[in-house]
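One structure below.
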Amino acid sequence: MFIVPAIRLALPDDAAGIARMSREFIEDGLDWSWRRERVLRAMADPAVNVVVAHDGRTLTGFGIMEYGDLHAHLALLAVAPPYRQRRVGSRLVAWLEQPARIAGLEKVRLEARADNPGALLFYRRLGFEATGRAAGYYGGEIDAVRFEKSLRLG
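Residues in the sequence shown are numbered from 1 upward in steps of one, following UniProt numbering.
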């Protein structure tokens, strides 16, 4: 039976699990940059929200959003494979977009691995538009597709 994961702010005890998920699902084949210590620094930054999806037993996904003066940047988003295609990722993004909307930010920007067609389709389905490509963005080896989404109504 599928348990709908709850979305909540991450706790320090979640940092190691977030780092593991980043390594496995985002930074696969690259140097590992989002280790536990970096996740903890993000949690302590007042301009960043780190959220997790949790089914009561297991960390099922997470997202990290940085908020600036005019736009927000979705730094990381990952969902464990058994929970993909079950709206966990879209719920994480919606949770992270809400503070940006309330603050009057204009856009959310992000980069996604060009070699991850599932992620590219996911972001397009959420209303993000591809705005360009960054050669060698990931470790000098893998290109990124840059996306942005307007938060303005109308």
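Ideal placement from N, C-alpha and C gives every residue a C-beta, glycine not left out.
Values in this document were obtained by computation on a predicted structure and should not be read as measured data.
Inside the UniProt domain "N-acetyltransferase" (5 to 152), DSSP marks whole beta strand (DSSP E) runs of 3 or more residues at positions 6 to 9, 48 to 54, 59 to 67, 71 to 79, 107 to 113, 129 to 138 and 142 to 150, from first to last along the chain. For the pair residue 114 and residue 79, the CB atoms are not nearer than the 8 angstroms cut-off. By the Cβ test, the stretch 100 to 116 is in contact with the stretch 55 to 73, since at least three Cβ pairs between them sit closer than 8 angstroms.
Residue 7 sits buried, since 16 or more C-beta atoms from the chains shown fall within 10 Å of its C-beta. Between the C-alpha atoms of residue 47 and residue 3 there is a straight-line separation of about 31 angstroms.
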